[in-house]
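J.: Quick note on this note's numbering: the sequence shown kicks off at 106 and runs consecutively.
Every residue, glycine too, gets a C-beta built ideally from N, C-alpha and C.
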Amino acid sequence: MTTAKIAVIGLGSMGYGSAASALKGGLVVHGFDLAKDAMDRFRAAGGAAGTLDTIAGDLAAVMVVVLNAAQTEDVLFGAKGIVPQMRPGSVAIACATVSPAFARQMEERCAAFGVHYLDAPISGGALKAASGSLTVLASGTPAAFDAAEPVLAVTAEKVYRLGDHAGPGSAMKAVNQLLAGVHIATMAEAMTFGMTQGVSPEAFMEVIPQCAGTSWMLENRGPHIVDGDYTPRSSVNIWPKDLGIVLDIARSAGFGAPLAAAAMQQFLAAAGSGLGQEDDAAVAKVYARNANLKLPGHTGGGTE
Numbered sequence: 106m107t108t109a110k111i112a113v114i115g116l117g118s119m120g121y122g123s124a125a126s127a128l129k130g131g132l133v134v135h136g137f138d139l140a141k142d143a144m145d146r147f148r149a150a151g152g153a154a155g156t157l158d159t160i161a162g163d164l165a166a167v168m169v170v171v172l173n174a175a176q177t178e179d180v181l182f183g184a185k186g187i188v189p190q191m192r193p194g195s196v197a198i199a200c201a202t203v204s205p206a207f208a209r210q211m212e213e214r215c216a217a218f219g220v221h222y223l224d225a226p227i228s229g230g231a232l233k234a235a236s237g238s239l240t241v242l243a244s245g246t247p248a249a250f251d252a253a254e255p256v257l258a259v260t261a262e263k264v265y266r267l268g269d270h271a272g273p274g275s276a277m278k279a280v281n282q283l284l285a286g287v288h289i290a291t292m293a294e295a296m297t298f299g300m301t302q303g304v305s306p307e308a309f310m311e312v313i314p315q316c317a318g319t320s321w322m323l324e325n326r327g328p329h330i331v332d333g334d335y336t337p338r339s340s341v342n343i344w345p346k347d348l349g350i351v352l353d354i355a356r357s358a359g360f361g362a363p364l365a366a367a368a369m370q371q372f373l374a375a376a377g378s379g380l381g382q383e384d385d386a387a388v389a390k391v392y393a394r395n396a397n398l399k400l401p402g403h404t405g406g407g408t409e
């Protein structure tokens with residue numbers, strides 16, 4: 106049996122981990138990114154050689170792990186788009202957070218070339234990507250799922266089949282991102298509120314994870330604030346995009362989403378303060394600045 110050849114486009118924290126998991130799972134994996142050092146690092150770890158235009162026709166699947174819809178569309182159908190070069194029956198697995206309408210559009214355009222499209226936003230973070238245990242919120246035709254199975258088997262722990270055409274996967278991801286973004290902002294608000302009452306971030310993280318008010322995001326991001334470490338695992342800049350998608354969908358549905366809108370404003374304030382490239386826990390710095398509080402690791406300045 107011939108080993109499946111795939112490409113992973115986008116070697117950021119999630120994409121690199123997914124590519125590494127696919128490699129460990131026995132697939133032949135080509136990794137591509139705008140950052141040459143990411144490509145060199147993956148090649149040194151065992152990634153296959155070859156330029157995208159020379160290997161596209163040999164691929165069983167391409168996993169697109171980029172930032173947004175615009176980058177996804179460019180990878181698939183831009184000036185050097187891969188879909189027209191792929192063989193019929195292969196599959197594009199699109200993992201970015203996008204709108205359901207965009208996912209449906211990409212599915213239709215891929216079908217014109219005989220290429221399957223799996224609407225497959227991912228969740229779980231860089232660590233789960235690296236361990237092959239992502240959660241995939243997927244929708245697509247049965248044939249798309251079948252074509253993607255060798256990749257999903259080695260990169261994901263849970264694959265939810267949410268519909269037989271593209272769109273429902275992205276809809277579910279929007280629901281998740283609403284909750285995740287609000288939870289991060291609420292964690293930052295609660296932690297800094299506690300500081301005004303003499304509750305240290307360290308005490309907060311000792312007690313609240315054992316109480317009903319905890320959340321996965323609180324337990325994951327809170328330690329970053331306690332450590333004063335804002336190395337980006339997931340950056341502030343992700344949230345104006347993702348919550349923007351949530352609010353656009355809500356607006357088109359005539360649905361009010363005031364909590365998502367409030368969280369959006371806090372992330373916009375953080376990005377506007379120069380924190381966009383920091384870990385998304387840095388939204389706490391907005392609260393700290395406004396309340397004249399000093400977070401752990403504070404070295405002076407309004408947003409330190």
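Can you name, in chain order, every residue of its own chain whose Cβ lies under 7 angstroms from the Cβ of PHE360, other than the five neighbours on each side?
T.: Around PHE360: no qualifying Cβ.
J.: Can you tell me where the alpha helix (DSSP H) with ALA138 in it begins and where it stops?
T.: Correcting the residue identity first, residue 138 is Asp in this sequence and not Ala. Taken as a continuous stretch (DSSP letters only), ASP138 belongs to no alpha helix (DSSP H), as it is neither H nor E.
J.: Could you check whether the segment 163 to 181 touches the segment 284 to 292, counting it as contact only if at least three pairs of C-beta atoms, one from each stretch, sit closer than 8 angstroms?
T.: With the cut-off at 8 angstroms, the segment 163 to 181 and the segment 284 to 292 do not touch.
J.: Tell me which residue opens and which closes the alpha helix (DSSP H) that VAL167 is part of.
T.: First-last for VAL167: 166 to 169, but that is the beta strand (DSSP E), not the alpha helix (DSSP H).
J.: Report the CB separation of ALA386 from ARG326 in whole angstroms; it is logged as a contact under 8 angstroms.
T.: ALA386 to ARG326, Cβ: 4 angstroms. Contact.
J.: Short check: CB of VAL188 to CB of VAL220, under 8 angstroms?
T.: Result yes, Cβ atoms of VAL188 and VAL220 sit closer than 8 angstroms.
J.: Across the segment 222 to 229 and the segment 107 to 117, are there enough close Cβ pairs to call them in contact, namely three or more that are closer than 8 angstroms?
T.: Contact between the segment 222 to 229 and the segment 107 to 117 is absent, because fewer than three Cβ pairs lie under 8 angstroms.
J.: Whose C-alpha, out of MET191, MET322, PHE250 and ALA175, is nearest the C-alpha of SER339?
T.: Ranking the options by Cα distance to SER339, first place goes to MET322.
J.: Taking three-plus beta-carbon pairs below 8 angstroms as touching, is the segment 139 to 148 in contact with the segment 189 to 197?
T.: Flag = no, the segment 139 to 148 and the segment 189 to 197 do not touch.
J.: Pairs of beta-carbons, one from the segment 262 to 279 and one from the segment 330 to 337, closer than 8 angstroms: are there three or more?
T.: Because the criterion of three Cβ pairs below 8 angstroms is not met, the segment 262 to 279 and the segment 330 to 337 do not touch.
J.: Could you give the uninterrupted runs of the alpha helix (DSSP H) lying entirely in the segment 308 to 389, keeping only those of 4 residues or more?
T.: List check, alpha helix (DSSP H) in window: 321 to 331, 343 to 357 and 363 to 375.
J.: Does the beta-carbon of SER305 have 16 or more other beta-carbons within 10 angstroms, so that it is buried, or is it exposed?
T.: By the 10 Å Cβ count, SER305 comes out exposed.
J.: For ALA109 and ALA125, I'd like the C-alpha separation in whole angstroms.
T.: Answer to the nearest angstrom: the Cα atoms are 15 angstroms apart.
J.: Please list the terminal residues of the continuous beta strand (DSSP E) segment that includes LYS185.
T.: Taken as a continuous stretch (DSSP letters only), LYS185 belongs to no beta strand (DSSP E), as it is neither H nor E.
J.: With DSSP as the reference, label GLY405 as helix, strand or coil.
T.: Residue placement at GLY405 is poorly supported in this model, since its pLDDT is 48, which falls under 50; the coordinates still yield a value, given next. Coil.
J.: Let me know the secondary structure DSSP gives LYS129 once reduced to three states.
T.: Helix, per DSSP.
J.: Determine the extent of the alpha helix (DSSP H) in which ASP158 is found, giving its start and end residues.
T.: It spans 157 to 160 - the alpha helix (DSSP H) in which ASP158 sits, taken as one unbroken run.
J.: Does the segment 266 to 276 come close enough to the segment 361 to 371 to have 3 or more Cβ pairs within less than 8 angstroms?
T.: Counting Cβ pairs under 8 angstroms, fewer than three are found: no touch.
J.: In the structure shown, what three-state DSSP assignment does MET106 receive?
T.: Since pLDDT at MET106 reaches only 41, below the 50 mark, its modelled position is unreliable, and the value read off the structure follows with that caveat. If DSSP states are grouped into helix, strand and coil, MET106 belongs with coil.
J.: I need the straight-line Cα distance from SER378 to THR297, nearest angstrom please.
T.: Distance between the alpha carbons of SER378 and THR297 is about 18 angstroms.
J.: Going by DSSP, which residues form a beta bridge with ALA199?
T.: ALA199 is bridged to VAL169 and ASP224.
J.: Just to confirm my understanding: we take GLY120, look at its own chain, exclude 5 residues before and 5 after, and list those with CB closer than 7 angstroms. What are they?
T.: Cβ within range, chain order: VAL113 and VAL170.
J.: Can you give me the C-alpha to C-alpha distance between ALA248 and LEU232, rounded to a whole angstrom?
T.: Their Cα atoms are separated by approximately 30 angstroms.
J.: Which of the three DSSP states, helix, strand or coil, is assigned to ALA243?
T.: If DSSP states are grouped into helix, strand and coil, ALA243 belongs with the strands.
J.: With burial defined as no fewer than 16 other Cβ atoms inside 10 Å of the residue's Cβ, what is the status of ASP347: buried or exposed?
T.: Answer is buried; the Cβ neighbour count reaches 16.
J.: Considering VAL280, what are the terminal residues of the alpha helix (DSSP H) in which it resides?
T.: Per DSSP, VAL280 belongs to the alpha helix (DSSP H) from 273 to 301.
J.: Quick check on DSSP: helix, strand or coil for LYS399?
T.: Correct three-state label for LYS399: coil.
J.: Using DSSP bridges, identify the partner residues of ARG266.
T.: Paired residues: ALA243.
J.: Under 8 angstroms by Cβ, that's how I've got ALA174 and PHE207 pegged, so tell me the actual separation to the nearest angstrom.
T.: The pair is a contact, with the Cβ atoms about 5 angstroms apart (cut-off 8 angstroms).
J.: Considering only DSSP beta bridges, list what ALA112 is partnered with.
T.: Partner(s): HIS135 and VAL167.
J.: Classify ALA261 as helix, strand or coil using the three-state DSSP reduction.
T.: ALA261: strand per DSSP, three-state reduction.
J.: So THR202 and GLN282 are in contact, right, with Cβ under 8 angstroms, and what is the actual spacing, rounded?
T.: At roughly 6 angstroms, the Cβ-Cβ gap stays under 8 angstroms, so THR202 and GLN282 are in contact.
J.: Leaving out the 5 sequence neighbours to the left and right, which residues in its chain are closer than 8 angstroms to ILE330 when beta-carbon positions are compared?
T.: Around ILE330: ALA293, MET296, PRO306, ALA386, ALA389, LEU400 and PRO401.
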